[in-house]
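Here's the structure, in structure tokens; my notes come after.
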Amino acid sequence: MEFSPAALLTLTVTAPIIVGLILVAGRALPHHFASGFAFVGFALPAVLAPWLLLRWTDPTTTPAQFQSVGFWGFGFGLNGLGAPLLAMTALVGLAAGIKALTQEVEGRNTYLGLILFMLGGTLGVFGTDHLVGCYFFHEFALIPTFILTLFWGGEGRRPAAMQMAIYLTAGAMASLAGILIAVDAAGVAYGAATFENVANGLQTAAHIPAATGALVLFGLGTLASLFPFHSWAAPGYSAAPTPVSMLHAGALKKFGLYGIILLGLSSLDITGGSLGTWFLWFAVANVLLVGLICLAQRDLKQLLAWSSVAHMGPIFLGIWVCGVSGQADGLDAAAFLMVAHGLSCAALFLLANAVRARASSYRLDELGGLAARTPVLATLFIAATMASIGLPGFGNFWGEMGVFLALRAQPLWLQALVASTVVLSAVYALRAVAATFFGPASAPLEQRFAAAPFGDLGWAERFAAFILLGASLMIGFVPSLVTKSVNPVAAGITTLAQPNAKAPTQTGPAAPAPR
Amino acid sequence: MPSDLTSLVHWILFLPLGAAALSALFLRRAGTLAAWLSTGTAFAIAGLSLLLLGQGSDVTWHVELARFGGVSLGFGYLIDANARLMLFVVSFVAAWIHLFSVGYMKEDPARGRFFAGLSIFMFSILGIVVADNLLMTFIYWELVGFSSYMLIAHYFDKDFAVAASKKAFIVNRVGDLGFILGIAMCLSLYGTLDFTALRDHAAAAKTIPVAVGALLMCGFLGKSAQFPLHVWLTDAMAGPTPVSALIHAATMVAAGVYFMARVSFLLAPDVLQFIAISGAGMAALAGLCALAQTDIKKSLAYSTLAHLGIMGCAIGLGRPDLALMHMAMHAFFKATLFLGAGSVIHGCHHEQDMRKMGGLLKKMPLTAATFIAATLSNCAVPFLAGWYSKDAIIEAAYHGGHVAIFAFLALAALATCLYSGRMLRLVFLGEANSEAAAHAHESPWTMTLPLVVLGLVYSVAGGFLASTLLPAGALQPIKPALDALAFHLTAPSTLVGLFSLVVGLFGALKFYGTVRGADALQVVSPRTYHLLEHRWMDGLYRWYVDAVQRRIAELVAFLDLLLINGVAVRWLGGGVPAVLGFLTGRSFHRGQTRAYGLWIVVGCLLLVWFLLAR
Numbered sequence: 019m020e021f022s023p024a025a026l027l028t029l030t031v032t033a034p035i036i037v038g039l040i041l042v043a044g045r046a047l048p049h050h051f052a053s054g055f056a057f058v059g060f061a062l063p064a065v066l067a068p069w070l071l072l073r074w075t076d077p078t079t080t081p082a083q084f085q086s087v088g089f090w091g092f093g094f095g096l097n098g099l100g101a102p103l104l105a106m107t108a109l110v111g112l113a114a115g116i117k118a119l120t121q122e123v124e125g126r127n128t129y130l131g132l133i134l135f136m137l138g139g140t141l142g143v144f145g146t147d148h149l150v151g152c153y154f155f156h157e158f159a160l161i162p163t164f165i166l167t168l169f170w171g172g173e174g175r176r177p178a179a180m181q182m183a184i185y186l187t188a189g190a191m192a193s194l195a196g197i198l199i200a201v202d203a204a205g206v207a208y209g210a211a212t213f214e215n216v217a218n219g220l221q222t223a224a225h226i227p228a229a230t231g232a233l234v235l236f237g238l239g240t241l242a243s244l245f246p247f248h249s250w251a252a253p254g255y256s257a258a259p260t261p262v263s264m265l266h267a268g269a270l271k272k273f274g275l276y277g278i279i280l281l282g283l284s285s286l287d288i289t290g291g292s293l294g295t296w297f298l299w300f301a302v303a304n305v306l307l308v309g310l311i312c313l314a315q316r317d318l319k320q321l322l323a324w325s326s327v328a329h330m331g332p333i334f335l336g337i338w339v340c341g342v343s344g345q346a347d348g349l350d351a352a353a354f355l356m357v358a359h360g361l362s363c364a365a366l367f368l369l370a371n372a373v374r375a376r377a378s379s380y381r382l383d384e385l386g387g388l389a390a391r392t393p394v395l396a397t398l399f400i401a402a403t404m405a406s407i408g409l410p411g412f413g414n415f416w417g418e419m420g421v422f423l424a425l426r427a428q429p430l431w432l433q434a435l436v437a438s439t440v441v442l443s444a445v446y447a448l449r450a451v452a453a454t455f456f457g458p459a460s461a462p463l464e465q466r467f468a469a470a471p472f473g474d475l476g477w478a479e480r481f482a483a484f485i486l487l488g489a490s491l492m493i494g495f496v497p498s499l500v501t502k503s504v505n506p507v508a509a510g511i512t513t514l515a516q517p518n519a520k521a522p523t524q525t526g527p528a529a530p531a532p533r
Numbered sequence: 092m093p094s095d096l097t098s099l100v101h102w103i104l105f106l107p108l109g110a111a112a113l114s115a116l117f118l119r120r121a122g123t124l125a126a127w128l129s130t131g132t133a134f135a136i137a138g139l140s141l142l143l144l145g146q147g148s149d150v151t152w153h154v155e156l157a158r159f160g161g162v163s164l165g166f167g168y169l170i171d172a173n174a175r176l177m178l179f180v181v182s183f184v185a186a187w188i189h190l191f192s193v194g195y196m197k198e199d200p201a202r203g204r205f206f207a208g209l210s211i212f213m214f215s216i217l218g219i220v221v222a223d224n225l226l227m228t229f230i231y232w233e234l235v236g237f238s239s240y241m242l243i244a245h246y247f248d249k250d251f252a253v254a255a256s257k258k259a260f261i262v263n264r265v266g267d268l269g270f271i272l273g274i275a276m277c278l279s280l281y282g283t284l285d286f287t288a289l290r291d292h293a294a295a296a297k298t299i300p301v302a303v304g305a306l307l308m309c310g311f312l313g314k315s316a317q318f319p320l321h322v323w324l325t326d327a328m329a330g331p332t333p334v335s336a337l338i339h340a341a342t343m344v345a346a347g348v349y350f351m352a353r354v355s356f357l358l359a360p361d362v363l364q365f366i367a368i369s370g371a372g373m374a375a376l377a378g379l380c381a382l383a384q385t386d387i388k389k390s391l392a393y394s395t396l397a398h399l400g401i402m403g404c405a406i407g408l409g410r411p412d413l414a415l416m417h418m419a420m421h422a423f424f425k426a427t428l429f430l431g432a433g434s435v436i437h438g439c440h441h442e443q444d445m446r447k448m449g450g451l452l453k454k455m456p457l458t459a460a461t462f463i464a465a466t467l468s469n470c471a472v473p474f475l476a477g478w479y480s481k482d483a484i485i486e487a488a489y490h491g492g493h494v495a496i497f498a499f500l501a502l503a504a505l506a507t508c509l510y511s512g513r514m515l516r517l518v519f520l521g522e523a524n525s526e527a528a529a530h531a532h533e534s535p536w537t538m539t540l541p542l543v544v545l546g547l548v549y550s551v552a553g554g555f556l557a558s559t560l561l562p563a564g565a566l567q568p569i570k571p572a573l574d575a576l577a578f579h580l581t582a583p584s585t586l587v588g589l590f591s592l593v594v595g596l597f598g599a600l601k602f603y604g605t606v607r608g609a610d611a612l613q614v615v616s617p618r619t620y621h622l623l624e625h626r627w628m629d630g631l632y633r634w635y636v637d638a639v640q641r642r643i644a645e646l647v648a649f650l651d652l653l654l655i656n657g658v659a660v661r662w663l664g665g666g667v668p669a670v671l672g673f674l675t676g677r678s679f680h681r682g683q684t685r686a687y688g689l690w691i692v693v694g695c696l697l698l699v700w701f702l703l704a705r
């Protein structure tokens, strides 16, 4: 029996939501029954979404800018940028789900159900090519995020959830205003507001209100923790329960970038004029200032949360340079990094929690020497760290390196500032690894071990980490898995952005590069 | 393009990756099996490399892994004469060091991890050798850095090993930062990263911008531990001794020299000048610093720094052929020296302080014989391996008319003989100066066989054997250098060499025999000793990290908290919810679920308003 890709896509998005509904409604469902049910909700997308990506046919044969596979009424459809993000989200979702299933929490069924809502909403973001639908799914995923952080979060969850709620709601409001103005200006009916229709409509639009680009860039930028709208992110991720941090920092956050690319970059000239200059400096600040802030962290989870903000910098810069250079390579690299960062970042949050479960602390000075007691945990954590600092073999390398190469026509000092991330990230990441796993064990850790001996990483968490790191290695060794679907979209968006691209400002190419 | 040779290179490159994966996944607890798997693989690669060397034909092969816009992410092989030679040297030395490790690491509970690391390193270094483009070179460059990091941190419960591993990785990444910018500049200027295409572009261009070479050179400065990025190499001795021999003496640090030779057409005259002078200066300084080390491995590490300086100097003199020749010769005798040191350390129950050794000539005769042979080669005794290459470089410096460079190299030659004589005197001659040395024993065959093969066979008769035993054409890249050498007594290099040998080696043997159980120089002139011992650059970097970088980081973090999070968000951003909270009669900062509900309702109303108002 052959299922149409459209039907499978629909199932990918709706399965977690339906299972989530059943779990939330059936709070009294027996433990094992609920676990099995929830696992299906987590696992089904993780099978279907990568399969959809593998089945992706070469869309260069069609002239469409945003190749859509299987519309389903108003809702679902996949474009080349969404396809790898959908697959990444599904894998992060499965890993987060496995983690959630191993946790003993109060109101477990509701907890699992809300995480499934969050997963379903995030899958919906990348599984629809309808602009307003995409926004709707993001909000749908965000609400359980707040609730989960507030009720199941760790230390400092109340102020963190509050701050996150205010920031993200404000960002969402600004971006909603931008989106609605853009749809309006494009002259498209809301029911037909696919990314493609809106972008095409804006190409011929008589007038686009001046603030639209800024609303979209800074609104969506807030959701993706663009400097200086990033303050919510580190405390938010830190305080949230681990599966929520994994899904939020790994997958859901990418909605902001996804929207900036498909709407802002393609049609709203966010890289031109003074807006473009602000964009550039904010993105550089993400790399440099947030990178420096990472150096000052003394808590493992805070450090991971901050570094997740810092790693947005190269992504923003890839998007920026695509707009100013009119070349698609920056965007290809940024999209690659979006996928790869999702995997490595989720793996790090997962494994850091395993550290905390053993040491009862995230404070770096209370850890140390864990590698002797938990070699598998140490190996996987080091692998995830290496992935996140762009070691070749893992996906992040292609993304980071691609962005550096895409910046090649920019002034050398700018390139040097951006590429300094390879040193900064190595300094703070290796320090964290050394403080956690190497050296002699700290006194508190020894006492803790003497009181309650702990073992190495359990099989469930090993499996979850293997999924994430395995996927990262896979796209590291076979980068075409991602680029085959992203390339045509990036080329299309670059063409769309081209007529809007203003002459480079003082930060533009120093000299025309001979080819 | 003969496809069977291509598959031969596939096997050479991917065999160690397979071995590493097998060991890491399944053999963590089966150390012996992992050791022999890794060693067997290394010997297989050495055999295949010899086969490739014998074939003597070039291999080119290329696939595109993916594209980012107009940038091709390529993977391919460019096996020319240099690459064949380097492949052979690396795999041959590595195979014997693997065998040595089987004995040396016998008692180590983490052998599985160790040998998996060695195999990963083999995969990485071979990748640098065969790569046909800058991006692929950089990929393997990073992997080499990673495997070096993991192997230095082998004894991860020791603080000094952890600090050394971090330092090595980070200092290398500082160099890589420049390397990345250099790659980007090549792509920007020439539109390609392929070595062959770059060579054509460089040949067509009248001048090469200084920046290209200067930036690519940064990678070399990091990986080959050249001034000012040399500080990591001596600390890297915290790793197990076979690692020091393989990675931090014979191969990885030589990869930088190989890379510079590979892109020598991109180096502008100014860049070459810099490399030559800094290399020669480095050679002299590091050679003198080797005199003030008590740890036998640290002393050898400074010796490696000196030889890397000499190789760098040859690159700078525009003689990459000489640099490669010295790289090959050095790989053999320095690997022997490190393995010999390993054998000594093993025999003396993990004593590394040379002042506590002595009299080992009788107790460890095989080790002593090979160590002495390699030392003499290191000192460039005529007709031993080191003589061919080192004197050729000194000669080239003389004929190049660079007085300062020649003077530095002459000083380096003298220093080499001095520290070599000191080492022989302290370790092998005289009487045992500690309990451990008195009860020293010769090492097992797995350790002595590699010493004999690498030491006696290659260091002593390196030049002759290489030209008679190896297949014709194998030495093609260094043949002109060998032929051009004028071996006569009045050549400046010969005079310098013989003078150093007589004064340095014999002087040191005599001088260091005057004091027992201590360092003669430290006794005679503590101030000179301290000057050479003190690590000025380390102090400078530590000051930068502690006083500058850390303070800036903390300042930025504080300002972020104060200005962005505090003022902008709490006061300005907080204003809106405060007003809303006032209007609805409840505070927003109490963190109640209803507050979010309110926000959502407001959002929905706005949405509806937009939809209706059109």
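Residue numbers (our numbering), protein chains in the order written: chain A, 19 to 533; chain B, 92 to 705.
Ideal Cβ placement from N, Cα and C applies to all residues, glycine included.
#1: Just reading off the alpha helix (DSSP H) that B/TYR240 is part of, what are its end residues?
#2: Taking 8 Å as the CB-CB limit, is A/MET404 close to chain B?
#3: Where does the unbroken alpha helix (DSSP H) through B/TYR620 begin, and where does it stop?
#4: Do you know how far the Cα of A/PHE155 is from the Cα of A/GLN181?
#5: Can you tell which of B/LEU623, B/PHE423, B/LEU382, B/GLY409 has the C-alpha that lies nearest to the C-alpha of B/TYR603?
#6: Looking at the strands, I want to know which residues DSSP matches up with B/TRP152.
#7: I'd like the list of long-range same chain contacts for B/PHE251, defined as Cβ closer than 8 Å, with 5 residues on each side in sequence excluded.
#8: Enumerate in chain order the residues of its own chain whose CB-to-CB distance from B/LEU268 is below 6 Å, with the five nearest sequence positions on each side excluded.
#9: Could you check how far apart the C-beta atoms of B/ALA352 and B/ASN173 are, in whole angstroms? I think they sit under 8 Å.
#10: Residues in the segment 116-129 of chain A with C-beta within 8 Å of chain B's C-beta atoms, listed in sequence order?
#11: Since B/ARG119 is in the alpha helix (DSSP H), which residue starts that stretch and which ends it?
#12: So what does DSSP say about A/ARG126, is it helix, strand or coil?
#13: With a threshold of 8 Å between beta carbons, is A/ASP350 in contact with chain B?
#14: Take B/LEU430 as the anchor and find which of B/LYS454, B/MET402, B/LEU452, B/ALA465 has the nearest alpha-carbon.
#15: How do the segment 235-248 of chain B and the segment 147-167 of chain B stand: do at least 3 beta-carbon pairs fall below 8 Å, yes or no?
#16: Would you identify the three-state DSSP class for B/ALA565, choosing helix, strand or coil?
#17: Express the C-alpha separation of A/PHE300 and B/GLN317 in angstroms, rounding to a whole number.
#18: If you draw a straight line from the alpha carbon of B/ALA295 to that of B/LEU234, how long is it in whole angstroms?
#19: On a Cα-Cα basis, can you pick out the residue from A/VAL496, A/ILE407, A/PHE213 that is closest to A/LEU280?
#20: Where does B/VAL594 fall in DSSP's three states?
#21: Using 8 Å for Cβ pairs, my map puts A/LEU283 next to A/ILE337. What's the rounded Cβ distance?
#22: Taking only the alpha-carbon atoms, compute the straight-line gap between B/HIS101 and B/ARG513 and give it to the nearest angstrom.
#23: Identify the contact partners of B/PHE237 in chain A, using a Cβ-Cβ distance below 7 Å as the criterion.
#24: If A/ALA351 sits next to B/PHE229, beta carbons under 8 Å apart, how far is it from one beta carbon to the other, in whole angstroms?
#25: Leaving out five residues on either side along the sequence, give the residues of the same chain with a beta carbon under 6 Å from the beta carbon of A/GLY131.
#26: Spatial neighbours of B/HIS292 within its chain, please: CB distance less than 6 Å, with the 5 preceding and 5 following residues excluded, ordered by chain position.
#27: Using only CA atoms, which one of A/VAL234, A/ALA346, A/TYR255, A/GLY294 lies nearest to A/LEU5?
#28: Looking at the C-beta of B/ARG633, does it have a partner C-beta in chain A at a distance below 8 Å?
#29: Give the C-beta separation of A/THR163 and A/LEU270 to the nearest angstrom, bearing in mind that I take them to be a contact with Cβ-Cβ under 8 Å.
Walking through what the data contain:
#1: Taking the second sequence and counting its residues from 1, the one referred to as residue 240 of chain B is at position 149. Counting along the chain, the alpha helix (DSSP H) containing B/TYR240 begins and ends at 225-243.
#2: Along the first sequence, one-based indexing puts residue 404 of chain A at 386. Yes, because at least one Cβ of chain B sits closer than 8 Å to the Cβ of A/MET404.
#3: Within the second sequence, numbered from 1, the residue matching residue 620 of chain B stands at position 529. Its alpha helix (DSSP H) spans residues 617-624.
#4: The count along the first sequence starts at 1 and reaches residue 181 of chain A at position 163. The count along the first sequence starts at 1 and reaches residue 155 of chain A at position 137. The alpha-carbon atoms of A/GLN181 and A/PHE155 are separated by roughly 21 Å.
#5: Walking along the second sequence from the start, residue 603 of chain B turns up at place 512. With distances taken between Cα atoms, B/TYR603 lies closest to B/LEU382.
#6: Taking the second sequence and counting its residues from 1, one reaches residue 152 of chain B at position 61. Answer by DSSP bridge pairing, in chain order: B/TYR168.
#7: Residue 251 of chain B sits at position 160 when you count from the first residue of the second sequence. The answer, listed in chain order, is ASP326, ALA329.
#8: Along the second sequence, one-based indexing puts residue 268 of chain B at 177. The answer is none, since no qualifying residue turns up.
#9: As a first step, residue 352 of chain B is located in the second sequence; it is residue number 261 there, counting from the start. As a first step, residue 173 of chain B is located in the second sequence; it is residue number 82 there, counting from the start. About 6 Å separates the two Cβ atoms, so the contact holds.
#10: none
#11: The count along the second sequence starts at 1 and reaches residue 119 of chain B at position 28. Taken as a continuous stretch (DSSP letters only), B/ARG119 belongs to no alpha helix (DSSP H), as it is neither H nor E.
#12: Here residue 126 of chain A corresponds to residue number 108 of the first sequence, with the count starting at 1. Here A/ARG126 sits in helix by DSSP.
#13: Numbered from 1 along the first sequence, position 332 holds the residue referred to as residue 350 of chain A. Yes, contact with chain B.
#14: Locating residue 430 of chain B in the second sequence gives position 339, counting from the first residue. Closest by alpha carbon: B/ALA465.
#15: no
#16: To locate residue 565 of chain B, count along the second sequence from 1; it is residue 474. Model confidence at B/ALA565 stands at a pLDDT of 48, short of 50, so the residue's coordinates are unreliable; what they give is reported in the following sentence. DSSP places B/ALA565 in coil when its eight states are reduced to three.
#17: As a working mapping, residue 317 of chain B is identified with position 226 in the second sequence. As a working mapping, residue 300 of chain A is identified with position 282 in the first sequence. If you take the alpha carbons of B/GLN317 and A/PHE300, they lie about 36 Å apart.
#18: The residue given as residue 295 of chain B occupies position 204 in the second sequence. The residue given as residue 234 of chain B occupies position 143 in the second sequence. So the alpha carbons of these two residues sit roughly 33 Å apart.
#19: Here residue 280 of chain A refers to the residue found at position 262 when the first sequence is read from its first residue. Ranking A/VAL496, A/ILE407, A/PHE213 by Cα distance to A/LEU280 puts A/PHE213 first.
#20: Numbered from its first residue, the second sequence carries residue 594 of chain B at position 503. In the structure shown, B/VAL594 sits in a helix (DSSP, three-state: H, G or I).
#21: The residue given as residue 283 of chain A occupies position 265 in the first sequence. The residue given as residue 337 of chain A occupies position 319 in the first sequence. With 8 Å as the limit, A/LEU283 and A/ILE337 qualify as a contact, their Cβ atoms being about 6 Å apart.
#22: By 1-based counting over the second sequence, the position of residue 101 of chain B is 10. By 1-based counting over the second sequence, the position of residue 513 of chain B is 422. So the alpha carbons of these two residues sit roughly 45 Å apart.
#23: On the second sequence, position 146 is the one that residue 237 of chain B refers to. Per Cβ cutoff of 7 Å: MET404, LEU409.
#24: As a working mapping, residue 351 of chain A is identified with position 333 in the first sequence. As a working mapping, residue 229 of chain B is identified with position 138 in the second sequence. With 8 Å as the limit, A/ALA351 and B/PHE229 do not qualify as a contact, their Cβ atoms being about 15 Å apart.
#25: As a first step, residue 131 of chain A is located in the first sequence; it is residue number 113 there, counting from the start. So the qualifying residues of the chain are GLY38, LEU41, VAL42.
#26: The residue given as residue 292 of chain B occupies position 201 in the second sequence. Within the same chain, B/HIS292 has close Cβ partners TYR281.
#27: Here chain A has residues from 19 to 533 only, and residue 5 of chain A is not among them.
#28: Within the second sequence, numbered from 1, the residue matching residue 633 of chain B stands at position 542. B/ARG633 does not count as touching chain A.
#29: Working through the first sequence from its first residue, we reach residue 163 of chain A at position 145. Working through the first sequence from its first residue, we reach residue 270 of chain A at position 252. A/THR163 to A/LEU270, Cβ: 7 Å. Contact.
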